[in-house]
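> In the UniProt record's numbering, the protein residues as written are 1 to 937.
The beta-carbon is built from N, C-alpha and C at its ideal position, and this holds for glycine as well.
Nothing here was measured: the structure is a model prediction, and the numbers come from that model.
Here's a structure for you.
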């Protein structure tokens, strides 16, 4: 019977849509399972065959859990705010909403064509006002919260105000920007502006001057992962470090909880390691150094306070505010020049460049608090303002980078003391003490020695022991148009939140998407974007009078805002009253299985965990962590093609002749190759782009052979394969099976379209099991034990594989089982019905059609997974190899029920064995039940 995959797949995709087959119930009587894919961004290029890999894996698992009787939540949506749509709007004038809608429509067509069991009724889009209303609401909640270190959680800002009213800052243990001290009376006497200014020091969403990655060409701040080699990833424009007033999120308050929470999660270890490194917990001491001739103090954080005797100079971050104060007139030009040069590097570039050291001398000196020695103060880009205090005490005998810096600037490197006798001579108050190696400090262990030095620092009143984290507060504002408006207005220069009744604060229309002539963000171009406090509504900007009508925040939220909580909205996507009902949040709880790329190891996952913990602190949800199990799928790689252009010419030389020329390798579209060969269609190449129209070719044997290489599949490399084409020729089931068959889910693997023919051949064999020629033919006759054995061997293997995410080996098992059933011409209902169920998570369309032909009215989706019966796997007979003196002589088939003694007796009476023995008596007989017989003579 002809397997018409196109007709079958269209039929069942329509059936699923018409019948809302995958619509999730909120019936809390059933056990739940939440399967989620990382939020896709709908790009204009659409999907290529690499994108669905993780979606297919999650879909198989979601279908499998439905077969097990779980209430499965498997939603889909779009992270639809972002820079690409905005850049396209700047170039074309088309509103980003139009571009985004077109891209989503394209994505949805492709996703539906692959047959995913998404609950489309729960679709969310971050750019929909009905969605970002709640993103804005969460921002307001963060703004009106502070972090109480005593209770170790976020609490309403009103509780902090009450505390200030009762006892000021006395005994306050809070996460804050600067340490403030005031009494209850001083708080009560403060003006409203002063109070708001004080509270900004504690709020979890706050506004402060921050060093950012500023891209003038794009007119916006960029995240670290949007910058590469000092240039914007999009457009390749220069990026500079710049101080700006920015909104930030106090994620640093959660550093320890984020670190400890990793222990509870079933995540890949490399991903956990990335988060641990990013959080960067370190314990040490905060030490104050006086600056000679100044009132200023340089405060440093060091993880090795025991090396303070060997500190010979101080290094400040170029952005440290002290630099301007302590730099001498003689050194000012050099320092300013160095700061300008540093501004062109991102923090990530500065952290990565460990070998090249550079810097400038400020002209000032600090005093070592133990030795009293003068220590020159330098600036260098290897010190970051955001880590610790933005200053380090340099100990070149202990630190490789400090050592390199000391060598470059010819600074003192103190010798390390390494004997107990030398240590006895070293005194804390000694002005000539040398760097003490803590391993020998009075014979103490490293930790005890460290504690001793910290105690000495505290007794001197020059510092204290402390724990520090590399993680810094997350910058939360972007000078872009296409993002969530921040629900803030400004009165007397202070930020105030809009009332929640005014949400959503919708993105206004603008005539252009570039910054204003005054340098304000694009929202500064909006004509209706001011807050009328008296009438509680958004009004024209020309009505701003700073009395009742005030300016709104012109920055928008970053891309990660909406994606930090979307998994919660899927639980209750259409609720207008709350972002998610508490009972639904409690029922669905954590995401049980989360699949996505490893590129989100820090940013998205840290921010999501932070927001989740905050919402739990405030009582809106009950789970500390959002994602219990996480899998990073590998990439599907494309086979790129290259032509070789001879330098300075429009000639292109064939691959094997290129070594004789100076050439440049240029990516060429793989569709320009002839069939499945490496030969270039030269005429098609000339017609591809205008600059290749006059191309000349240096051929080998009359052909132009391209270079080939396996690379990441990318539109820019012209090596993408469109899944629509694959679905057309081989079917969605063929695509799904092949992507799983390529190899382990977590590994990257190359795509080869030719390999699809094997999987497609399997589907045709599977289909024809149910037919006799063109006639559907399934027998109700009881299957043989051999037929049951094939089925239950498959059930055992596939259930194990799915539970362990070994999808590739399941596909191999399907092929083996179908081949065996085909050989024994099995057409029994009791075999073929469960066979369809067990294969259906992988190939749902064909299995739905066969299930229907088998006489079932309902979808196969909710049929129980076939139960394994181990009895069918017990062998009736065992083929025993018989070895004599270590060499296998023959095999004998015996009943599996025989005891070892009975096996021995039968083997010794066998005619072949009698010929080998020639009347001799064996000296030793070993029977390994169901395995082997060993005889020694």
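What first and last residue would you give for the beta strand (DSSP E) that runs through residue 640?
The continuous beta strand (DSSP E) containing residue 640 extends over residues 636-646.
> Residue 81 and residue 127: beta carbons closer than 8 Å?
yes
> Out of curiosity, what's the CA-to-CA distance linking residue 109 and residue 46?
10 Å
> Tell me which same chain residues have a C-beta within less than 6 Å of the C-beta of residue 85, skipping the five on either side of it?
96, 99, 100 and 482
> Return the chain-ordered ranges of every alpha helix (DSSP H) run that is complete within the region 754-806 and spans a minimum of 4 residues.
756-768 and 785-803
> Kindly give me the distance between the Cβ atoms of residue 541 and residue 530, rounded to whole angstroms, as I take these residues to be in contact under 8 Å.
5 Å
> Compare the Cα-Cα distances from residue 850 to each of 726, 834 and 474 and report the closest residue.
If we check each option's Cα against that of residue 850, 834 comes out closest.
> Can you tell me whether DSSP reads residue 490 as helix, strand or coil?
strand
> On the criterion of 16 or more Cβ atoms from any shown chain inside 10 Å, does residue 874 qualify as buried, or is it exposed?
exposed
> In this structure, how does DSSP classify residue 538 when only helix, strand and coil are distinguished?
strand
> Would you report the Cα separation of residue 487 and residue 603, rounded to the nearest angstrom?
23 Å
> I think residue 638 touches residue 713, with their Cβ atoms under 8 Å apart; what is that distance to the nearest whole Å?
Yes, they are in contact, since the Cβ atoms of residue 638 and residue 713 sit about 4 Å apart, within 8 Å.
> Counting only the same chain and skipping the five closest in sequence on each side, list residues whose C-beta sits under 6 Å from that of residue 859.
21
> What did DSSP end up calling residue 913 once you bin it into helix, strand or coil?
DSSP places residue 913 in helix when its eight states are reduced to three.
> Residue 669: which of 259, 454 and 720 sits nearest, CA to CA?
Among 259, 454 and 720, the Cα nearest to that of residue 669 belongs to 720.
> So which of 880, 892, 838 and 884 has the shortest CA-CA distance to residue 868?
838
> Helix, strand or coil: how does DSSP classify residue 570 here?
coil
> For the region 259-316, which segments carrying the beta strand (DSSP E) assignment without a break, of at least 3 residues, lie completely within its bounds, in sequence order?
Runs of the beta strand (DSSP E) lying entirely within the region 259-316, each at least 3 residues long, are 281-291, 297-302 and 313-316 in chain order.
> Using a Cβ-Cβ cutoff of less than 6 Å, which residues in the same chain neighbour residue 704 once the five nearest sequence positions on both sides are dropped?
654, 680, 682 and 697
> Would you report the Cα separation of residue 800 and residue 768, rounded to the nearest angstrom?
27 Å
> What are the boundary residues of the alpha helix (DSSP H) that includes residue 612?
603-617
> Would you check if the distance between the CB atom of residue 60 and the CB atom of residue 807 is smaller than 8 Å?
yes
> So residue 521 and residue 554 are supposed to be a Cβ contact under 8 Å. How far apart are they, rounded?
The C-beta separation of residue 521 from residue 554 comes to about 4 Å, placing the pair in contact by the 8 Å criterion.
> Smallest Cα separation from residue 492: which of 544, 402 and 499?
544
> Could you give the distance in angstroms between the alpha-carbon of residue 811 and the alpha-carbon of residue 823?
Each residue's Cα considered, the two are about 19 Å apart.
> In or out: residue 431 buried (at least 16 other Cβ within 10 Å) or exposed?
Caution is warranted here: a pLDDT of 32 is assigned to residue 431, below 50, making its placement in the model unreliable, and the coordinate value is therefore given only provisionally. Classification for residue 431: exposed.
> Taking its Cβ as the centre, do 16 or more other Cβ atoms sit within 10 Å of residue 297, making it buried, or is it exposed?
exposed
> At the level of alpha carbons, what is the spacing between residue 284 and residue 181?
25 Å
> Residue 928: buried (16+ other C-beta within 10 angstroms of its C-beta) or exposed?
exposed
> Could you name the residues of the same chain whose beta carbon sits closer than 6 Å to that of residue 215, not counting the 5 residues immediately before and after it, in chain order?
222, 232, 237 and 239
> Ignore the nearest five residues each way along the sequence and tell me which others in residue 103's own chain have a CB closer than 7 Å to its CB.
42, 43 and 44
> Confirm, please, whether the CB-CB distance from residue 264 to residue 414 is below 8 Å.
no
> Please state whether the Cβ-Cβ distance between residue 318 and residue 229 is less than 8 Å.
At the C-beta level, residue 318 and residue 229 stay beyond 8 Å of one another.
> Alpha carbons only, please: which of 737, 658, 593 and 644 is nearest the one belonging to residue 804?
Comparing Cα-Cα distances from residue 804 to each of 737, 658, 593 and 644, the minimum goes to 593.
> So, does the region 344-361 touch the region 383-402, judging by three or more C-beta pairs under 8 Å?
When C-beta atoms of the region 344-361 are compared with those of the region 383-402, three or more pairs fall below 8 Å, so the two segments count as touching.
> DSSP state of residue 506, grouped into three classes?
In the three-state scheme derived from DSSP, where H, G and I count as helix and E and B as strand, residue 506 is classed as coil.
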